[in-house]
Structures are given as C-alpha cells and as structure tokens.
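A quick write-up on the structure given underneath.
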C-alpha cells in the first residue's frame, strides 16, 4: 500500500513515534531531494540554474499546488508563511467606518492579529466551542461584515468547521471569506471552488511535509488585484530593473514582492504532487487514524476535546499539566504537543495503529 511504502521515506519513523504534524512535519526524502536538487544546481552554476528554474514564472510549482486544492494555477501565489498571506488580505481590502471582521476564539493568532492593526475596523472575536463554532460565527455576520477570517481545522481543538455553512451566510450579506488551511491541506481533500471561499492561505511545513519558508495563497480571480505592498517583483517588467517606471504585474507574482525561497517551494511542489496523486487514500487513512485515537482515548476514560464527527487529523485529549506530560513523552521518543487544555495528537497517513496505541497508553500511565 502507498502509505506503507511512503513510511519508509520518512527517516524520523526510525527513531520516533512522530504524532506532531500539526506543529511541524519531518521532511520525507522525495521532498528533501527536490529541495537539494535545486540547491546543488545553484552550487554548480549559480544564476544559470536559477534562471532555468524560473523561466516559466514558477508555473510548474503553481500547477502542482493548484491541483492539490482544485484552483487555477494563476490563482496561486507563493508566500513565506501563513501570516504573510493573511496580512496581504487584511491590508489589501478597503473598509469604511462601519466595517467589521468576524473571527473566533479558537483561532491561531495569525488568523486574527493582522486585523488588529486596522484601527477603524470592528473586530468581532466570537467566543466559541468546537460544538457551536459555526452558529456563533454566523450569528455575528451582518451587512457590515467585510470579511470572515477562520481556520478550516482548529489548531487547539481539532474541530473541522463546516465552511460552506459559513460561506452561505457570508455571501448573503456580501462578505468575503478567508480560510486558513494550514491544518487541513495535505491531510484532507480541499476544493476551494466547492467551498466557495475567496482566499485560502497555508504554510507548507505542517501536513504538507515541506520545508519552513514554503507556502501558498489562493486568491479568487478578480480579488486583490492591487495588493497592499509593492516590491521589485510586483512590476510587470521586473527584469528591466528600472526604478523610474512601474506597471503592476497582473498575475500571481504581484503578491510575491521579493525573492522567495525557491528551494523550499520546490519541496512544497513535490509534496503537493505526491499528495494530490493519492488524496483519496491519504484522507481516508488520516480520518481512520484520528478516529482510532479518539476511540482508544475514550476507552481509557479520557475526555476528548475534538468532536469525532467534526475531525480531521488532530485529536486533543484533555489532561492536567499537558506541557509536563508532553515533555515526559518526548523522553520516550513519543512526539506530541501540549495545546489548549490537553495533549494534541496529530496523526498523518503513514502513522500506524500501533504507534497510536503506545501513545495513548503512555499518556494514561503519565496521568495515573
């Protein structure tokens, strides 16, 4: 099976039970090799290698990413991290004195903080739980809502929200929807067109198993045509190097204001190619393993914060002193994270049931 073969390409499996993909994934060998290939070519021939890689405006990278989320390649911009992309949206929109942004208390700060900088924008940070998050958000969307900024999967509860339910309400009042997909892309299938969202942002180093510094931004056609920040690569004829003339690039490069990490994004491209080619098996396996983790935890009488019917790859088990327990698990070479009120287990498709069993048993031993 694909997942068993892929497991052999992840060196971390030789030394650890690694269930921490919601934090940072170990780099699989095909991704590492693609990153190294470019760096080695540059070491041999410098600008010749770089010019060759970029001769198609990195369309080959955009295409692999667009296949992953079912977008048009020209709707994909390459960015260094999620925070950069959310800032592009937050500062690229126009607001009036009545405008508000709706977000929620389960968000990672990157989804919220960029909007705090905009003084005249009303910030509606809804107090929500994993069980009522959609209803709470919808209750706060009104005719003055400019944008809804939310995560597809919550980093600290594991809940996967019903995006389309929120989009339906947003569209009725003319609001835009920005979706942080860093905790879903690579774990579950995503179709940005079916979801109906306007923007999607993700770094590549979590479930996409790519180097830090890689990331992408989906911008629906017709939006953010004039971005908030300009750099040398924002110019249509950027290779003229003429500071006295400027014409804005109309394609996805308009967002990429400077030199990006080519090597890291080539790694992301390779990962997107692999994952999109096996997306059905990957999603099925991720959901099976997260369900298995929930079942085992409940068998051990743990309170599971993550709703089983609204899960992706993250499972959060409520415990006291989660930081101490996570540290002691690491001493046993079991890698998880303390998040929110408990221990966050994030199982990718190549993990095994035996690894999950050992982890849940070890947590049980630590709290006894």
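Numbering (full-length UniProt numbering), first residue to last: 1 to 368.
We put the beta carbon where it would ideally sit given N, CA and C, even for glycine.
Taken in chain order, the complete beta strand (DSSP E) segments of 3 or more residues contained in the stretch 164–241 are 176–180, 199–203, 215–219.
Exclusion of the five residues before and after residue 253 leaves 57, 233 as the residues of its chain whose Cβ lies within less than 7 Å of its Cβ. Residue 318 is bridged by DSSP to 342.
Residue burial annotation: residue 168 is exposed, with fewer than 16 other C-beta atoms found within 10 angstroms of its C-beta. In this structure, residue 165 and residue 134 form a Cβ contact; the two beta carbons are roughly 5 Å apart against a cut-off of 8 Å.
With contacts defined as CB atoms closer than 8 Å, residue 216 and residue 65 qualify as a contacting pair. In this structure, residue 153 sits near residue 314, with a CB-CB distance shorter than 8 Å. The beta carbon of residue 292 lies closer than 7 Å to those of 353, 356 in the same chain, with the five residues before and after it left out.
For the options 242, 260, 230, the alpha carbon positioned closest to that of residue 249 is the one of 230.
Under the DSSP assignment, residue 67 falls in the alpha helix (DSSP H) whose first and last residues are 59–69. For residue 45, the uninterrupted alpha helix (DSSP H) run begins and ends at 29–45, by DSSP.
In the structure shown, residue 327 adopts helical secondary structure according to DSSP, grouped into three states. Note that the C-beta distance between residue 190 and residue 69 is below 8 Å.
185 is the residue among 185, 124, 226 whose C-alpha sits nearest the C-alpha of residue 312. Rounded to the nearest whole angstrom, the C-alpha separation of residue 76 and residue 138 is 28 Å. In this structure, DSSP gives residue 360 a helical state, which the three-state scheme calls helix. Separation of residue 116 and residue 149 (C-alpha to C-alpha, rounded to the nearest whole angstrom) is 12 Å.
Your pair residue 261 and residue 213 checks out as a contact, with CB atoms roughly 4 Å apart and the cut at 8 Å. Following the DSSP letters along the chain, one finds residue 124 inside the beta strand (DSSP E) bounded by residues 122–126. Of the residues assessed, residue 47 falls on the exposed side of the cut-off, its CB having fewer than 16 other CB atoms within 10 angstroms. Given a length threshold of 4 residues, each whole run of the alpha helix (DSSP H) inside the stretch 85–126 is given here in chain order: 113–116.
If the five residues before and after residue 362 are omitted, its C-beta is found closer than 8 Å to the C-beta atoms of 329, 332, 334, all from its own chain and listed in chain order. For residue 332, the secondary structure class from DSSP, reduced to helix, strand or coil, is coil.
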